[in-house]
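Student:
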Amino acid sequence: MADTRRVEIKNLSKGFGDKVVLDGISLHVDIGENLVVFGRSGSGKSVLLKCLIGLIKADSGEIYINGKFIPDLTQNELNKVRKNIGFLFQSAALYDSMSVRENLEFPLKRLFDFSQTEIDEKVMQTLEHVSLTEAVDKAPSELSGGMRKRIGLARSIITEPELMLYDEPTTGLDPISSKEISALILELQKKLNMTSIVVTHDVTCAQIIADRAIFLGDGKVRFEGDMDSLSNSDHPFLRDFFSHNIINEQEN
Numbered sequence: 000m001a002d003t004r005r006v007e008i009k010n011l012s013k014g015f016g017d018k019v020v021l022d023g024i025s026l027h028v029d030i031g032e033n034l035v036v037f038g039r040s041g042s043g044k045s046v047l048l049k050c051l052i053g054l055i056k057a058d059s060g061e062i063y064i065n066g067k068f069i070p071d072l073t074q075n076e077l078n079k080v081r082k083n084i085g086f087l088f089q090s091a092a093l094y095d096s097m098s099v100r101e102n103l104e105f106p107l108k109r110l111f112d113f114s115q116t117e118i119d120e121k122v123m124q125t126l127e128h129v130s131l132t133e134a135v136d137k138a139p140s141e142l143s144g145g146m147r148k149r150i151g152l153a154r155s156i157i158t159e160p161e162l163m164l165y166d167e168p169t170t171g172l173d174p175i176s177s178k179e180i181s182a183l184i185l186e187l188q189k190k191l192n193m194t195s196i197v198v199t200h201d202v203t204c205a206q207i208i209a210d211r212a213i214f215l216g217d218g219k220v221r222f223e224g225d226m227d228s229l230s231n232s233d234h235p236f237l238r239d240f241f242s243h244n245i246i247n248e249q250e251n
């Protein structure tokens, strides 16, 4: 595997019962690159992310992160790899029983041996990245949807991961908040030199973020290229997908 690659997947397959979700998928992500993954509902986008970090075991294929063959790792070895990976879930997945401060402290206390002073500094520095230092002692229930996404993003990056995985980062947000979150993801990726894989239906988000995009269909990578080549394609399948999603965004 080339030294420039953060992630490489070869011939990855995963099924559930009789349904094949991923059917021999191969892709790579270079260090510092933002790869956007498109596809209709049920096309395996989220399954791909979960297979990548070992939350779901693939049926066959090869997965490498930083040159490490993920399927062969012990649980302890896998946990070490995961320390360098951030994951932003659709719902932001904040603990409602914890304050913002406690949510951000959680991965630091679980994964690292920092002093409380070091933890306090990292919490405030990370909240500065997402422009929400004033929310540090608020409960998640006191935050708007956009603010919850920002805090979820802050918690994901507080460990300074090399690789960030985003599962529909703008779902449920109004168009203005969606653009703000997308711009923030790009800004943080450049500032922290992270590699990112972004699963999304949001064409505007992808246009802001993507260095390269792929489209999953029927369990396979059907198209790959930059956003201009995908969104302006004459292929009926792509044209239908992008025109439909652009119309939905305009209506929202």
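For the sequence shown, the positions run 0 to 251 when numbering that gives the first Met the number 0 is used.
For each residue, glycine too, the CB sits at the ideal point set by N, CA and C.
1) Could you tell me the distance, in whole angstroms, from the CA atom of Gly218 to the CA atom of Val20?
2) Tell me, which residues are paired with Ala212 by DSSP?
3) Would you please state the rounded distance, in angstroms, between the beta carbons of Leu34 and Asn83? I believe it to be under 8 Å.
4) Should Gln74 be labelled buried (16 or more other beta-carbon atoms within 10 Å of its own) or exposed?
5) For the beta strand (DSSP E) that Leu21 lies in, which residues bound it at each end?
6) What do you get for Glu7, buried or exposed, if any count of 16 or more other CB atoms within 10 angstroms of its CB means buried?
7) Below 9 Å between beta carbons: does that hold for Gly31 and Asn192?
8) Which residue wins for smallest C-alpha separation from Ile55, given the options Ser96, Asp95, Leu11?
9) Bridge partners for Met163 per DSSP, in chain order?
10) Do Asp136 and Lys44 count as a contact pair if the criterion is CB distance below 9 Å?
11) From Arg238 to Val197, what distance separates their C-alpha atoms?
12) What residue range is occupied by the uninterrupted alpha helix (DSSP H) comprising Gly144?
13) Compute the Euclidean distance between the alpha carbons of Ser59 and Arg5, then round it to the nearest angstrom.
14) Shortest alpha-carbon distance to Leu215 belongs to which of Ser130, Gly53, His200?
15) Could you name the residues that DSSP lists as bridge partners for Ile184?
16) Between the alpha carbons of Thr194 and Val28, how many angstroms are there, rounded?
17) Determine contact between the region 99-117 and the region 176-188, defined as no fewer than three beta-carbon pairs at a distance below 8 Å.
Tutor: Reading from the atomic positions:
1) Position 219 of the sequence shown, counting from 1, holds the residue named residue 218. Position 21 of the sequence shown, counting from 1, holds the residue named residue 20. Each residue's alpha carbon lies about 5 Å from the other.
2) To locate residue 212, count along the sequence shown from 1; it is residue 213. DSSP output for Ala212 lists Val35, Gly224 as bridge partner(s).
3) As a position in the sequence shown, residue 34 is number 35, starting the count at 1. As a position in the sequence shown, residue 83 is number 84, starting the count at 1. With 8 Å as the limit, Leu34 and Asn83 do not qualify as a contact, their Cβ atoms being about 17 Å apart.
4) Along the sequence shown, one-based indexing puts residue 74 at 75. Exposed, since its Cβ has fewer than 16 Cβ neighbours within 10 Å.
5) Working through the sequence shown from its first residue, we reach residue 21 at position 22. Its beta strand (DSSP E) spans residues 18-29.
6) In the sequence shown, the residue the question calls residue 7 occupies position 8. Buried, since its Cβ has 16 or more Cβ neighbours within 10 Å.
7) Residue mapping note: residue 31 aligns to position 32 of the sequence shown, counting from 1. Residue mapping note: residue 192 aligns to position 193 of the sequence shown, counting from 1. Cβ atoms of Gly31 and Asn192: closer than 9 Å.
8) The count along the sequence shown starts at 1 and reaches residue 55 at position 56. Closest by alpha carbon: Leu11.
9) For the purposes of this step, residue 163 is taken as the residue at position 164 of the sequence shown. Partner(s): Gly85, Ser195.
10) Against the sequence shown, residue 44 aligns to sequence position 45. Against the sequence shown, residue 136 aligns to sequence position 137. It is not a contact, given that the beta carbons lie outside the stated cut-off.
11) Here the question's residue 238 lines up with position 239 in the sequence shown. Here the question's residue 197 lines up with position 198 in the sequence shown. Those two C-alpha atoms are separated by around 21 Å.
12) What you label residue 144 is simply residue 145 of the sequence shown in a count that begins at 1. Residues 144-156.
13) One-based indexing of the sequence shown puts residue 59 at position 60. One-based indexing of the sequence shown puts residue 5 at position 6. If I take the Cα positions, the gap works out to 20 Å.
14) On the sequence shown, position 216 is the one that residue 215 refers to. Considering only Ser130, Gly53, His200, the residue with the shortest C-alpha distance to Leu215 is His200.
15) Residue 184 sits at position 185 when you count from the first residue of the sequence shown. Answer is none; Ile184 lacks a bridge partner.
16) On the sequence shown, residue 194 is found 195 positions in, with the first residue counted as 1. On the sequence shown, residue 28 is found 29 positions in, with the first residue counted as 1. Cα to Cα, the separation comes out at about 8 Å.
17) no
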